[in-house]
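Engineer:
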Amino acid sequence: MKLYVGTSGWSYSGWRSLFYPENLEPSEWLPFYCQHFSTVEINMTFYRFPRPETLERWAELSPDGFTFSLKANRRITHVKRLREVRADLRYMYILAQSLGRKLGCLLFQLPPSLRLDLPLLEDFLGQLETRFRNVIEFRHPSWYTESVYDLLRQKKVIFCIVSSRQVPSETVVTAPAAYVRFHGLTAGYRYFYPDSELEVWASNLSQLRVSECFIYFNNDYQAHAVQNARKLRSLLESRLEKIKEKET
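Anchor point for the sequence shown: position 157 equals 159 in the working numbering, and the numbering is continuous, going up by one each time.
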């Protein structure tokens with residue numbers, strides 16, 4: 003299993019002195035971040051479509067092997083709620099290609115108010131370009147059913163495994179890759195995952211039958227995401243190494 007572990011975003015002024023050196027200019031934050039992590043999740047694409055040149059510059063500033071996962075624009079998921087989005091999807095894919103080989107996944111996060119609708123989901127999945135790693139994050143519990151998982155498997159779309167207060171933390175695999183988001187629990191984005199909880203996650207994730215696993219921490223408060231991402235990566239690497247030794 004190839005691991006990509008990072009945080010949801012890197013441009014946080016509150017991380018200065020906690021992660022970024024005090025005197026480091028914001029323009030240098032991405033190169034610094036890339037020295038510590040192999041991937042980052044981009045949230046700004048949810049709110050607006052950046053210029054392709056912006057993504058190209060990010061790709062240039064990052065080393066070989068680094069990946070960016072993009073959150074699909076809210077026009078697709080929250081405004082149109084997956085209906086009549088063919089043109090929007092086409093533009094999202096064109097924009098994503100600006101990253102070249104450094105494109106990780108495309109995350110489609112559904113709104114909590116959108117409940118189970120299999121015909122709607124099937125129609126939407128049929129419009130996705132299969133050459134991309136497409137991910138769907140469900141935020142209403144009604145979507146957590148075998149019929150949904152089977153549909154995702156048929157289309158080879160990645161089910162987003164989440165740790166949050168809204169939905170179950172089910173480690174379901176529907177594609178050759180896995181995608182995991184940590185939103186925080188009792189305190190939301192202020193939540194700090196203790197080692198005991200990360201140990202359980204490491205145990206569960208290390209057993210997944212996937213070739214790649216993308217993991218992002220979204221609890222940005224006080225740079226908790228940085229600390230938790232580093233710890234889970236260490237725990238997972240250790241477990242995967244032990245599994246590899248047993249198999250050889």
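Ideal Cβ positions, reconstructed from N, Cα and C, are used throughout, including at glycine. Predicted model only: the values in this text are computed from it and were never measured.
1) Which residue spans inside the segment 133-165 form an unbroken alpha helix (DSSP H) run of at least 4?
2) With a threshold of 8 Å, are at least 3 pairs of Cβ atoms found where one atom belongs to the segment 231-242 and the other to the segment 199-215?
3) Helix, strand or coil: which one does DSSP assign to K73?
4) With DSSP collapsed to three states, give me the class of R235.
5) Between which two residues does the beta strand (DSSP E) containing S100 stretch?
6) I'd like to know if the segment 65-80 and the segment 32-45 are in contact, where contact means that at least 3 CB-CB pairs between them fall below 8 Å.
7) Please work out which residues of its chain come closer than 6 Å, Cβ to Cβ, to T173, disregarding the five sequence neighbours upstream and downstream, and give them in chain order.
8) Compute the Euclidean distance between the alpha carbons of P114 and H142, then round it to the nearest angstrom.
9) So, with DSSP's three-state summary, where would you put R183?
10) For A189, which of S171, H226, Q209 has the nearest alpha-carbon?
11) Name the two residues that bound the continuous beta strand (DSSP E) containing T56.
12) Flag this pair as yes or no: are the beta carbons of K89 and L72 separated by less than 7 Å?
Structural biologist: Taking the structure as given:
1) You should have 148-157.
2) With the cut-off at 8 Å, the segment 231-242 and the segment 199-215 touch.
3) Sequence index remark: in the sequence shown, residue 73 carries index 71 (1-based). Strand at K73.
4) Here residue 235 refers to the residue found at position 233 when the sequence shown is read from its first residue. If DSSP states are grouped into helix, strand and coil, R235 belongs with the helices.
5) One-based indexing of the sequence shown puts residue 100 at position 98. Per DSSP, S100 belongs to no beta strand (DSSP E) and is neither H nor E.
6) These segments touch.
7) In the sequence shown, residue 173 corresponds to position 171, counting from 1. Spatial neighbours of T173 in its own chain (CB-CB distance under 6 Å, excluding positions within 5 residues in sequence) are listed in chain order as I163, N206.
8) Against the sequence shown, residue 114 aligns to sequence position 112. Against the sequence shown, residue 142 aligns to sequence position 140. Roughly 5 Å between the two C-alpha positions.
9) Your numbering for residue 183 matches position 181 in the sequence shown. Here R183 sits in strand by DSSP.
10) Taking the sequence shown and counting its residues from 1, one reaches residue 189 at position 187. Taking only the C-alpha atoms, the option nearest A189 is H226.
11) Along the sequence shown, one-based indexing puts residue 56 at 54. Segment 54-63 is the alpha helix (DSSP H) holding T56; no beta strand (DSSP E) there.
12) Along the sequence shown, read from residue 1 onward, the residue named residue 89 stands at position 87. Along the sequence shown, read from residue 1 onward, the residue named residue 72 stands at position 70. The question names Lys, but residue 89 in the sequence shown is Ala. Taking 7 Å as the cut-off, the beta carbon of A89 is found no closer than this to the beta carbon of L72.
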